[in-house]
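S.K.:
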Amino acid sequence: MRTHDFLVDGGVDFSHMDARMIGLLARSAGWLAGDDAHRARLGLHELLVNIRRHAYRGEDGPISVAMTASSAGLTVLVTDWGATLPADLDRPAPRLSEWGGYGLGIIDQAFSDVEYRRACGRNEWVLSVHAADVTGR
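Once you know that position 137 of the sequence shown is 137 in full-length UniProt numbering, the rest is easy, because the numbers rise by one and skip nothing.
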């Protein structure tokens, strides 16, 4: 099992995290490749953009990302100190015919499990991909 932790400033360019995730997956979770790996990276990117846009209201703010990968699965813990997620927020499934408002739907489809909690003044997201759920196996 390998863990990769890093802190980002919440800026617009999250491409360095994509490269780190690719490296972690290649070393520790070779079973997550192709379209499945792309979905996980897309889901993480979408969450980071949503945190900047909504939790930090378009401003930069710290975001902590800890990724753990093993032969059993991938878990990503994302923490921010921005505004809380509204309890009644709609999470529609994404449709290609419309633009915007589908971030949480994309995240839900990219991961086997998505958990959110507000604790001690911070937002915590736990995103998991179970090896058994991967289509390429």
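C-beta atoms are modelled at their ideal positions from N, C-alpha and C, and glycine is treated no differently.
Here the structure is a predicted model, which means the values were calculated and not measured.
Of the choices Leu32, Ala37, Gly43, whose alpha-carbon is the least far from that of Gly105?
M.R.: Gly43
S.K.: For Asn50, which residues of its own chain have a beta-carbon under 6 Å away from its beta-carbon, when the five flanking residues on both sides are left out?
M.R.: Gly103
S.K.: With distances taken between CB atoms, is the gap from Val134 to Thr75 smaller than 8 Å?
M.R.: no
S.K.: Quick check: the region 63-80 against the region 30-46, are there 3 or more CB pairs under 8 Å?
M.R.: yes
S.K.: Taking all protein chains shown into account, do 16 or more other C-beta atoms lie within 10 angstroms of the C-beta of His45, making it buried, or fewer, making it exposed?
M.R.: buried
S.K.: Who are the near neighbours of Ala26 in its chain, counting only those whose CB is closer than 6 Å to its CB and skipping five residues on each side?
M.R.: none
S.K.: Going by the DSSP bridge assignment, what does Ala132 pair with across the sheet?
M.R.: DSSP, once it has assigned bridges, lists no residue as partnering Ala132.
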